[in-house]
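Read top to bottom, the protein sequences are chains Y and L.
Per our numbering, the first sequence starts with residue 1, numbered consecutively.
Per our numbering, the second sequence starts with residue 390, numbered consecutively.
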Amino acid sequence: MRAVCWQGVNKVGVEDVPEPHLINPRDAIVRVTATAICGSDLHLYDGYVPTMFRGDILGHEFMGEVVEIGPGVRDLQVGDRVVVPFPIACGGCWFCQHELYSLCENTNPNAAFAEKLWGHSPCGIFGYSHLLGGYAGGQAEYVRVPFADVGPIKVPQELSDEQVLFLSDILPTGYMAAENCDIQPGDTVAVWGCGPVGLFAIKSALLLGAERVIAIDRYPERLRLARDAGAEALDYESTDVLAALCDLTGGRGPDACIDAVGMEAHLHGVVGTYDRAKQAMRLETDRPGVLRQAIMACRNGGTVSVAGVYGGFIDKMPFGAVMNRSLTIKSGQTHVHRYMRPLLERIQKGEIDPSFIVTHRLPLEQAPQAYAMFKNKQQECVKVVLRPS
Amino acid sequence: MATEPHPMDERGGPPRAPAPAYEPAHGRGALRRVARVGRRVGSSLERVDEAAMARALGWFSIGLGLAQLLAPRALGRAIGVGERPGLIRMLGLRELANGIGLLVAKRRGPWAWARVGGDMMDMALLGAAARADGASSAEDTSAGNRRRIAVAGVAVIGVTALDIYAAQKLHRTEAARAPAAMEVRRSVTVNALPEKLYSFWRDFENLPRFMKHLESVSVAGGNISHWVAKAPAGTSVEWDAEIVEEQPGRRLAWRTLPDSELFHEGSVEFQPAPGGRGTIVRVDMRYRPPGGRIGARLARFAGEEPDLQVYEDLRRFKQLIETGEIASTQGQSAGRRSVIGRMSLGGRLS
Numbered sequence: 001m002r003a004v005c006w007q008g009v010n011k012v013g014v015e016d017v018p019e020p021h022l023i024n025p026r027d028a029i030v031r032v033t034a035t036a037i038c039g040s041d042l043h044l045y046d047g048y049v050p051t052m053f054r055g056d057i058l059g060h061e062f063m064g065e066v067v068e069i070g071p072g073v074r075d076l077q078v079g080d081r082v083v084v085p086f087p088i089a090c091g092g093c094w095f096c097q098h099e100l101y102s103l104c105e106n107t108n109p110n111a112a113f114a115e116k117l118w119g120h121s122p123c124g125i126f127g128y129s130h131l132l133g134g135y136a137g138g139q140a141e142y143v144r145v146p147f148a149d150v151g152p153i154k155v156p157q158e159l160s161d162e163q164v165l166f167l168s169d170i171l172p173t174g175y176m177a178a179e180n181c182d183i184q185p186g187d188t189v190a191v192w193g194c195g196p197v198g199l200f201a202i203k204s205a206l207l208l209g210a211e212r213v214i215a216i217d218r219y220p221e222r223l224r225l226a227r228d229a230g231a232e233a234l235d236y237e238s239t240d241v242l243a244a245l246c247d248l249t250g251g252r253g254p255d256a257c258i259d260a261v262g263m264e265a266h267l268h269g270v271v272g273t274y275d276r277a278k279q280a281m282r283l284e285t286d287r288p289g290v291l292r293q294a295i296m297a298c299r300n301g302g303t304v305s306v307a308g309v310y311g312g313f314i315d316k317m318p319f320g321a322v323m324n325r326s327l328t329i330k331s332g333q334t335h336v337h338r339y340m341r342p343l344l345e346r347i348q349k350g351e352i353d354p355s356f357i358v359t360h361r362l363p364l365e366q367a368p369q370a371y372a373m374f375k376n377k378q379q380e381c382v383k384v385v386l387r388p389s
Numbered sequence: 390m391a392t393e394p395h396p397m398d399e400r401g402g403p404p405r406a407p408a409p410a411y412e413p414a415h416g417r418g419a420l421r422r423v424a425r426v427g428r429r430v431g432s433s434l435e436r437v438d439e440a441a442m443a444r445a446l447g448w449f450s451i452g453l454g455l456a457q458l459l460a461p462r463a464l465g466r467a468i469g470v471g472e473r474p475g476l477i478r479m480l481g482l483r484e485l486a487n488g489i490g491l492l493v494a495k496r497r498g499p500w501a502w503a504r505v506g507g508d509m510m511d512m513a514l515l516g517a518a519a520r521a522d523g524a525s526s527a528e529d530t531s532a533g534n535r536r537r538i539a540v541a542g543v544a545v546i547g548v549t550a551l552d553i554y555a556a557q558k559l560h561r562t563e564a565a566r567a568p569a570a571m572e573v574r575r576s577v578t579v580n581a582l583p584e585k586l587y588s589f590w591r592d593f594e595n596l597p598r599f600m601k602h603l604e605s606v607s608v609a610g611g612n613i614s615h616w617v618a619k620a621p622a623g624t625s626v627e628w629d630a631e632i633v634e635e636q637p638g639r640r641l642a643w644r645t646l647p648d649s650e651l652f653h654e655g656s657v658e659f660q661p662a663p664g665g666r667g668t669i670v671r672v673d674m675r676y677r678p679p680g681g682r683i684g685a686r687l688a689r690f691a692g693e694e695p696d697l698q699v700y701e702d703l704r705r706f707k708q709l710i711e712t713g714e715i716a717s718t719q720g721q722s723a724g725r726r727s728v729i730g731r732m733s734l735g736g737r738l739s
């Protein structure tokens, strides 16, 4: 079969690889009908996530048709149309039973390595480095799905692939980012980054009762989408973001700040250059420009919700601001399983139509061009959906 | 003077009476006489701790080494061996390396023994110089040189005695510090009741399902079971174990039979976690592999860290209980791997 493989920094290729087979009793094999490139795939592409190896199959946003199930899989049949959550969760451990699925204790075979970097290990994730299990991803014709009776959700035929595909990651991720803000009536929420997760966070924050949402980006097409989603837009290239947020909120700052950017923030000036240099020399793993700004902007006693991916260690973290101003920081890989069913219901009711973010539809074979275009934000690219032929 | 027990025996076996205190064999050889002198000097140094002694010898080495490197001709004349700057500089390098080793190494014993070796070399060279000098013609300079060589020789003998004393002392304390048996304690919290976990574990034939290095365990009857484990380099080790403690639902302990090829004992405890969070499973294992400390080091070299091994076994135990299977990516699809990828994957990292 054909699969998108990581081949090195800034290099992916579509290769012929063996078709997946069942390894464990609770596995299923899914024939992929649609898969997307995630902003977090760009961290792999750019080489900032350790333990990637040439030949690793990428992709953690995918859906398709069940073509084979192991003897341990109940509740799923061959022929079912399913969307698969990106975290792999067993359903049986204490974390799964408390709906903290991305913290499942049983699905990362390389947990000992993750513990060295992070203290404890989260769950395994499809196509997202060997640190997170080394599972082959879904940007392929077929994919092996472990614990298939826990993760995949069956979706009705009347909804299109593009309406349900994003249940796999970015819609729940944007939703959880807003949910973590504990939004109260009258709240103002600021969202850094108007990519797919940021856009879904804007929609979710309004859905959860935010009075207003202020969105921050620099690409005109993304700022336009943010405005269409109901936010006020700030271009950080022409605005002093901290001053503007202060001004827009009567001097207090936003009640909650969402970082939907993560480890590769593009900031200008001395601090931006400092982070770029330190990251290039591997003296810090992440460029935390947005996180610092979100902390400094947030009102006293407010919440900073971090949805963007961070990998390791950051510098010049203004923790004095967090402590002295009673800020709450909430974060985490999304507990996707928790949100799939309620969000599917919202899609069915017409409250959300996630397909508005798709700007490019390409065959799987064009993945290398798609990665380059998405990375460089060419052709106003916001979201790429790939289809295996 | 040496009253602590001899370092743990290399071979396994049930605990034995402490070995007799170290008693050196008294012989006629020059080396033994030097050692005896060293011990006599040593008895007055008894209260000087060996780390301070190692440091002093280290700085002495560095001082001597620098003198040999920077002023080889003057030094050669002073000890009566004449102008041999090349050889003396080489000896200076040796001294420097030795000195640094004594100052910075974690285990200083080998470096102290290296100094003893260096002393032997120095004495041999002085002897050779004296003989060569005796054969030379110029009478008066020769007599002066022989005297200088003799003085240097006495100094070397004195230093050698000190070196031997320090080396023995360092060797003994460092050997006593090094663990002879590997001991591992690990715990994991499992989402199940203690009774269930206990009965799964009590059926020893289940152990190879999650202990990666076990090939099989067969219950021979009663409390005795026969274990077969994979060992480094494709070999296997077998032993018989007996259950020595059994508290249903709480604790289980086992130990190898006395005549086994290796010594192994272990226990597992099942303690309810607070707030209905399942059961804390604590494993405590001690074993001396065949080949003793050397075997253990070889095993470590081959990547078989016992601590990580037990921990990963416990993770697999948890997975088996909580999910009925063990998470794996063995045999899954991938694109073309690089050489580095092929070398890195498939072992600890999958």
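The C-beta atom is built at its ideal place from N, Cα and C for all residues, glycine as well.
Quick one, which of the options has its alpha-carbon nearest residue i's?
i	options	result
residue 337 of chain Y	Y:312, Y:300, Y:349, Y:148	Y:148
residue 534 of chain L	L:720, L:515, L:546	L:515
residue 605 of chain L	L:629, L:621, L:587	L:629
residue 461 of chain L	L:452, L:553, L:476	L:476
residue 560 of chain L	L:609, L:732, L:502, L:666	L:502
residue 12 of chain Y	Y:139, Y:353, Y:271	Y:139
residue 443 of chain L	L:470, L:463, L:488, L:480	L:488
residue 723 of chain L	Y:299, Y:21, Y:75	Y:21
Alpha carbon to alpha carbon, how far is residue i from residue j?
i	j	result
residue 712 of chain L	residue 695 of chain L	25 Å
residue 104 of chain Y	residue 151 of chain Y	12 Å
residue 541 of chain L	residue 474 of chain L	17 Å
residue 366 of chain Y	residue 360 of chain Y	11 Å
residue 498 of chain L	residue 647 of chain L	34 Å
residue 414 of chain L	residue 452 of chain L	Annotation note: pLDDT 46 at residue 414 of chain L (below 50); position unreliable, coordinate value reported separately. When rounded, the distance between both Cα atoms is 34 Å.
residue 27 of chain Y	residue 145 of chain Y	5 Å
residue 412 of chain L	residue 553 of chain L	Only weak support is given to the placement of residue 412 of chain L: the predicted model assigns it a pLDDT of 45, under 50, and the question is left unresolved by the model.
residue 402 of chain L	residue 631 of chain L	Any reading at residue 402 of chain L must be qualified, since the residue scores a pLDDT of 41, below 50, and its modelled position is unreliable; no value is offered.
residue 313 of chain Y	residue 284 of chain Y	6 Å
residue 24 of chain Y	residue 714 of chain L	7 Å
residue 55 of chain Y	residue 352 of chain Y	37 Å
residue 731 of chain L	residue 739 of chain L	10 Å
residue 635 of chain L	residue 588 of chain L	11 Å
residue 398 of chain L	residue 469 of chain L	At residue 398 of chain L the pLDDT is 40, less than 50, meaning the model places this residue with poor confidence and gives no usable figure here.
residue 227 of chain Y	residue 189 of chain Y	14 Å
Name the chain Y residues that come within less than 8 Å of residue i, Cβ to Cβ?
i	result
residue 664 of chain L	Per Cβ cutoff of 8 Å: no residues; residue 664 of chain L is ~10 Å from chain Y at best.
residue 738 of chain L	51, 110, 113, 130, 134
residue 554 of chain L	Those within 8 Å of residue 554 of chain L in chain Y number zero; the least Cβ separation is about 43 Å.
At a CB-CB cut-off below 8 Å, which residues of chain L make contact with residue i?
i	result
residue 55 of chain Y	723, 724, 725, 726, 727, 730
residue 5 of chain Y	723, 724, 725
residue 24 of chain Y	714, 715, 716, 717
Could you name the residues of chain Y that residue i contacts, counting a contact when the two beta carbons are closer than 7 Å?
i	result
residue 742 of chain L	This structure leaves residue 742 of chain L out entirely; chain L is present only between 390 and 739.
residue 697 of chain L	112
residue 711 of chain L	90, 92, 93, 106
residue 720 of chain L	23
residue 667 of chain L	94
Closer than 9 Å by beta-carbon distance: list the chain Y residues that pair up with residue i, in chain order.
i	result
residue 707 of chain L	93, 105, 106
Using beta-carbon positions only, say whether residue i and residue j come within less than 8 Å of one another.
i	j	result
residue 374 of chain Y	residue 42 of chain Y	yes
residue 482 of chain L	residue 446 of chain L	no
residue 136 of chain Y	residue 721 of chain L	yes
residue 38 of chain Y	residue 169 of chain Y	yes
residue 241 of chain Y	residue 248 of chain Y	no
residue 222 of chain Y	residue 194 of chain Y	yes
residue 36 of chain Y	residue 385 of chain Y	yes
residue 114 of chain Y	residue 106 of chain Y	no
residue 58 of chain Y	residue 44 of chain Y	yes
residue 173 of chain Y	residue 191 of chain Y	no
residue 593 of chain L	residue 706 of chain L	no
Residue i touches chain L at which residues, Cβ-Cβ below 7 Å?
i	result
residue 230 of chain Y	Correct list: empty, because the minimum Cβ distance to chain L is about 42 Å.
Three or more C-beta pairs under 8 Å: does that hold for the segment 49–66 of chain Y against the segment 82–91 of chain Y? yes
Any 3 or more C-beta pairs closer than 8 Å across the segment 198–215 of chain Y and the segment 166–181 of chain Y: Proximity of the segment 198–215 of chain Y to the segment 166–181 of chain Y meets the contact definition, three or more beta-carbon pairs being nearer than 8 Å.
With contact counted as at least three CB pairs below 8 Å, one residue from each stretch, are the segment 44–56 of chain Y and the segment 123–132 of chain Y in contact? yes
For the structure I just gave you, are there three or more beta carbon pairs, one from the segment 283–300 of chain Y and one from the segment 254–268 of chain Y, closer than 8 Å? yes
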